[in-house]
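Single-structure report; data block below.
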Amino acid sequence: MKKKLCFLLLTTSLMITACDKTKPVQAEDLMHHRFTVKTLNGQAMPNSPQTFIEFGEHLTINGQMCNRFFGQSILTNNELTSPGLAMTKRLCADEQLNQLDSVISELFKNGATVKLDNQTNDKVLLKLTDNSNTIVFELNDLM
């Protein structure tokens, strides 16, 4: 009886441990998808199709917060960087958009931890996080 109980406890703990591990984000998980901004550091952002990020072939990125940006991104061990990110330099009247520009630029310059969450309501969320900021995007493909 004790052997069966030990086996059951061991099996259960292994199953729980296996379920807890998240699959690393792969380039294929991001490529050919468009995500729109939902929150910055827990604060809701205006629901606008104009604030987005798209991942193209070979992880090219383009998007817009206040300014447009584009570049080649690199995904390594769930960290996304784009050292040569190019961005237009206009000032927007909306301070939230200016803040998003600043944060997205820093995230790609310094590296952002990437996480994809499949929500129960069939929504896919992309989270980009560094030591001080988290931007949450929602999958919003055009087709």
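FYI, in mature numbering (1 follows the signal peptide of the UniProt record, and there is no 0) the residues of the sequence shown are -18 to -1, 1 to 125. A virtual CB, placed ideally from N, CA and C, is assigned to each residue, including glycine.
Asked	Found
Where the beta strand (DSSP E) containing Leu62 begins and where it ends	61 to 63
Which of helix, strand or coil DSSP assigns to Asn23	coil
Inter-residue spacing [alpha-carbon to alpha-carbon] between Val19 and Lys5	23 Å
Beta-carbon proximity list for residue 210, same chain, < 6 Å, skipping 5 on both sides	Residue 210 falls outside the range modelled here, since the chain spans only -18 to 125, and no answer is possible.
Candidates Gln32, Met27, Phe51: closest to Leu89 by CA position	Phe51
Extent of the continuous beta strand (DSSP E) to which Glu120 belongs	116 to 121
Sequence-distant residues of the same chain with beta carbon closer than 8 Å to Lys(-15), five excluded per side	Any reading at Lys(-15) must be qualified, since the residue scores a pLDDT of 49, below 50, and its modelled position is unreliable; the value itself is stated next. For Lys(-15), where only same-chain residues beyond five positions count, there are no Cβ hits under 8 Å.
Where Ser55 falls, given that 16 or more other Cβ within 10 Å makes a residue buried	buried
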